[in-house]
Amino acid sequence: MKVAVIGLGYVGLTTALLMDKAGYEVTGCDISQERLDSIWMHKMPFHEPGLDEYMQDHDMFVSNDIEMTIKNADVILVTVGTPSNNDGSINLQYVFDAMKEIGRHLDSQKVQLVMLKSTCVPRTSEACIILLEQYSGLNHGHHFGFVMSPEFLREGSAVEDTLHPDKVVIGFKYDFEGELAMDFYAGFLSNWGLPDILAMTNYINAEFIKYTNNAFLATKISFINEIATICEQNPGADVTTIARAIGMDKRIGPHFLNAGLGYGGSCFPKDVSALINVAENAEVEPAILKEVHATNISQRHWPIEKIRERFGEGMHDIKVAVLGMAFKPNTDDVRDSPAYDIVDILEQYDVIVNIYDPIVKHCEGLDSKFCESVDEALTGADCVIIATEWDEFKTITPETFIKLMKRPIVLDGRRIYNPMKMIKAGIEYYGIGFGRY
Ligand code: UDX
């Protein structure tokens, strides 16, 4: 099968490399020549565990000759970005530009399938099909097929998620499109054929499934973070124990109940905002979604509030170590990272900040120093904020904090330490959702 992949970000590049490994003839296109060069030279353009070995020995082509790439393909995957506009609505310009370009070059001599995987608001598929018809002069359902098949892979576990997805969603209109899409997935998914992983539906449901999925996970996180805030006002309460126990209820499940500094990244914040925008355009008040968003933003202020309470006016003279800059472990992605906002606010208070992250070594827009090691960041600090739960931070002992820091004050924004062990060892410990005695 010949596949064209338009847009080589986390979703596009991961899918392209895994399809290549499965024997598909893959050609990738991207507007960034730098990215194409990097792939051509077998170099990863971003950090993603496990993907490098596929990058090392791939046979995929990269091209900026979109005409040839489209004409040759049996399936054309669209995996371009869908960023936010300033009002929170989604910006579909890259998707529409891709559709126009595809439309210009569809081959009238064969029936090709266009598969949209980018996260797009309801009714985008309809708009895409209109563009494809306009720019190709061909008829949907007769000359070409179109499916909406959103992607659910997570950064940090993109390879595993792509090969063994929990579900495959295929939004289609004509039977042949659904069948072509199933053939496409059957050739490279490791768990294809398992019962209960396939959701075949219409376009609009496929679009809604992606948003509802992400908004529900975001809701779980904000919900447990609200419980965490209540716990902190009740000595002896601990949100981690509560979350673990409620997660044993099969109706709730154990995942996405880690209280902390809130969600970030390129998806949840953007998708919750876009869904709020979709609701408001339909004159529906999205009360829950708005609270999910507001709670998430207030979580980022947790360490700032703790520092303000603890140091009062003296906070301007302190030195703070921030451990973690990526929005979550195992990625170098800092998009909408809580850590970024926290450092940004501390800088506005003229606090001296020393950052350490195992992978992120620089951040556009921040003036603070990036240290070479945990020890360097901790040395002389008045307090430390755990902003990302990298494994490397979990093994820091209370003795290390006491030895290196000016004052061993630990603000555990990701709940990676045992509070009682820390306190017994002499640490002044504050943890999200931990009610201190
Ligand atoms: C998410 C979706 O999971 C994925 O299906 C979709 O395709 C893209 O968006 P990703 O952004 O890579 O994936 O990360 P994910 O692991 O889902 O975490 C999102 C955010 O939630 C992170 O900032 C993480 O720190 C936070 N989180 C997650 C919590 O705060 N608590 C949790 O219990 C789980």
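At position 196 of the sequence shown (counting the first as 1) the number is 193 in our numbering, and the numbers step up by one without a gap. From the three backbone atoms N, C-alpha and C, an ideal C-beta is built for every residue, glycine too.
Determine the burial state of P416: buried for a count of at least 16 other Cβ atoms within 10 Å of its Cβ, exposed for fewer. To locate residue 416, count along the sequence shown from 1; it is residue 419. Buried is the call here.
Where L74 and L10 are concerned, what is the direct C-alpha to C-alpha distance, given to the nearest angstrom? For the purposes of this step, residue 74 is taken as the residue at position 77 of the sequence shown. For the purposes of this step, residue 10 is taken as the residue at position 13 of the sequence shown. Cα to Cα, L74 sits roughly 11 Å from L10.
Under DSSP, the beta strand (DSSP E) around Y337 begins and ends at which residues? Your numbering for residue 337 matches position 340 in the sequence shown. From DSSP, Y337 is part of no beta strand (DSSP E) but of the alpha helix (DSSP H) over P335 to Q345.
How about L128 and L103: are their beta carbons less than 9 Å apart? Within the sequence shown, the letter at position 131 stands for residue 128. Within the sequence shown, the letter at position 106 stands for residue 103. No, the Cβ-Cβ distance between L128 and L103 is not below 9 Å.
L15 to I301 span [Cα, whole Å]: Your numbering for residue 15 matches position 18 in the sequence shown. Your numbering for residue 301 matches position 304 in the sequence shown. Their backbone Cα atoms lie some 43 Å apart in a straight line.
Is any non-hydrogen atom of the ligand UDX found closer than 8 Å to the C-beta of P335, if you look at the structure I gave you? Counted from its first residue, the sequence shown places residue 335 at position 338. P335: yes, Cβ under 8 Å from the ligand UDX.
Taking the C-alpha atoms as reference points, what is the distance between K316 and K303? For the purposes of this step, residue 316 is taken as the residue at position 319 of the sequence shown. For the purposes of this step, residue 303 is taken as the residue at position 306 of the sequence shown. Rounded to the nearest angstrom, the two C-alpha atoms are 14 Å apart.
Give the secondary structure of N88 by DSSP, where H, G and I count as helix, E and B as strand, and everything else as coil. Within the sequence shown, numbered from 1, the residue matching residue 88 stands at position 91. Three-state DSSP puts N88 in coil, outside helix and strand.
Every unbroken beta strand (DSSP E) inside the segment 245 to 323 [3 residues or more]: 316 to 320
Could you spell out the range, first to last residue, of the alpha helix (DSSP H) harbouring M419? Translated into positions along the sequence shown, residue 419 becomes position 422. It spans P416 to K421 - the alpha helix (DSSP H) in which M419 sits, taken as one unbroken run.
Please name the residue in R151, Q131, A178 and V156 whose C-alpha comes closest to that of F143. As a position in the sequence shown, residue 143 is number 146, starting the count at 1. With distances taken between Cα atoms, F143 lies closest to A178.
Please tell me whether, using a cut-off of 8 Å, the distance from the CB of L258 to the nearest non-hydrogen atom of the ligand UDX is below it. Taking the sequence shown and counting its residues from 1, the one referred to as residue 258 is at position 261. The answer is yes for L258.
Give me the DSSP bridge partner(s) of I73. Along the sequence shown, read from residue 1 onward, the residue named residue 73 stands at position 76. DSSP output for I73 lists A1 and V111 as bridge partner(s).
For G432 and chain C, any beta-carbon pair shorter than 9 Å? The chain labelled as chain C is not found in the depicted structure, where only one protein chain is given.
Please tell me whether F149 and T328 are closer than 9 Å, where the distance is taken between their beta carbons. Taking the first residue of the sequence shown as 1, we reach residue 149 at position 152. Taking the first residue of the sequence shown as 1, we reach residue 328 at position 331. Not in contact: F149 and T328 (Cβ atoms no closer than 9 Å).
Going by C-alpha to C-alpha distance, which of G184, K164 and A155 sits closest to M(-2)? Here residue -2 refers to the residue found at position 1 when the sequence shown is read from its first residue. It is G184.
Reduced DSSP category for L214 - H, G, I as helix; E, B as strand; rest coil: Walking along the sequence shown from the start, residue 214 turns up at place 217. Helix at L214.
I'd like to confirm something about S441: is its beta-carbon nearer than 8 Å to some heavy atom of the ligand UDX, or not? The structure shown does not extend to residue 441, since the chain is modelled only from -2 to 434, so the question has no answer here.
Can you tell me whether L214 sits near the ligand UDX, meaning its C-beta is under 8 Å from at least one heavy atom of the ligand? Position 217 of the sequence shown, counted from the start, is the residue given in the question as residue 214. L214: yes, Cβ under 8 Å from the ligand UDX.
With a threshold of 8 Å, are at least 3 pairs of Cβ atoms found where one atom belongs to the segment 188 to 196 and the other to the segment 114 to 133? no
Boundaries of the alpha helix (DSSP H) in which M179 is found, first to last residue: Stepping through the sequence shown from its first residue, residue 179 is reached at position 182. That run of the alpha helix (DSSP H) goes D172 to A183.
Bridge partners for D235 per DSSP, in chain order? Locating residue 235 in the sequence shown gives position 238, where the first residue counts as 1. F431.
Just to confirm the assignment, what range does the beta strand (DSSP E) spanning T24 have? Here residue 24 refers to the residue found at position 27 when the sequence shown is read from its first residue. Residues E22 to C26.
Return the CA-CA distance between P46 and R151, expressed in angstroms with no decimal places. Counting from one through the sequence shown, the residue named residue 46 turns up at place 49. Counting from one through the sequence shown, the residue named residue 151 turns up at place 154. In a straight line, the C-alpha of P46 is about 11 Å away from that of R151.
T237 vs F431 beta-carbon contact at 9 Å: Along the sequence shown, one-based indexing puts residue 237 at 240. Along the sequence shown, one-based indexing puts residue 431 at 434. In this structure, F431 lies closer than 9 Å to T237 by Cβ.
Distance, N61 Cα to A13 Cα: Position 16 of the sequence shown, counted from the first residue, corresponds to residue 13. Position 64 of the sequence shown, counted from the first residue, corresponds to residue 61. Cα to Cα, A13 sits roughly 16 Å from N61.
Identify which residue in M38, I382 and K68 has its Cα closest to the Cα of Q106. In the sequence shown, the residue the question calls residue 106 occupies position 109. Per the Cα distances, K68.
The ligand UDX heavy atoms versus the CB of L320: any closer than 8 Å? Residue mapping note: residue 320 aligns to position 323 of the sequence shown, counting from 1. Because no heavy atom of the ligand UDX lies under 8 Å away, the Cβ of L320 does not count as near it: no.
Looking at the ligand UDX, does it come within less than 8 Å of T328, judged from the CB to the closest heavy atom? Along the sequence shown, read from residue 1 onward, the residue named residue 328 stands at position 331. Yes, since a heavy atom of the ligand UDX falls inside the 8 Å radius drawn around the Cβ of T328.
Closer than 8 Å: is that where the CB of H252 sits relative to any heavy atom of the ligand FAD? Ligands in the displayed structure: the ligand UDX; the ligand FAD is not one of them.
Near the ligand UDX: L103 beta-carbon under 8 Å from a heavy atom: On the sequence shown, position 106 is the one that residue 103 refers to. Checking every heavy atom of the ligand UDX against the Cβ of L103, none is found closer than 8 Å.
Measure the alpha-carbon distance for G175 versus V111 and round it to whole angstroms. Your numbering for residue 175 matches position 178 in the sequence shown. Your numbering for residue 111 matches position 114 in the sequence shown. Going from the Cα of G175 to the Cα of V111 covers about 11 Å.
Going by the DSSP bridge assignment, what does N199 pair with across the sheet? By 1-based counting over the sequence shown, the position of residue 199 is 202. Its beta-bridge partners do not exist; DSSP assigns none.
Is it buried or exposed for P355, if we count other Cβ within 10 angstroms and need 16 for buried? As a first step, residue 355 is located in the sequence shown; it is residue number 358 there, counting from the start. So P355 counts as buried.
Spatial distance of H252 from L214 (CA atoms): Position 255 of the sequence shown holds residue 252. Position 217 of the sequence shown holds residue 214. Computed Cα separation, rounded: 9 Å.
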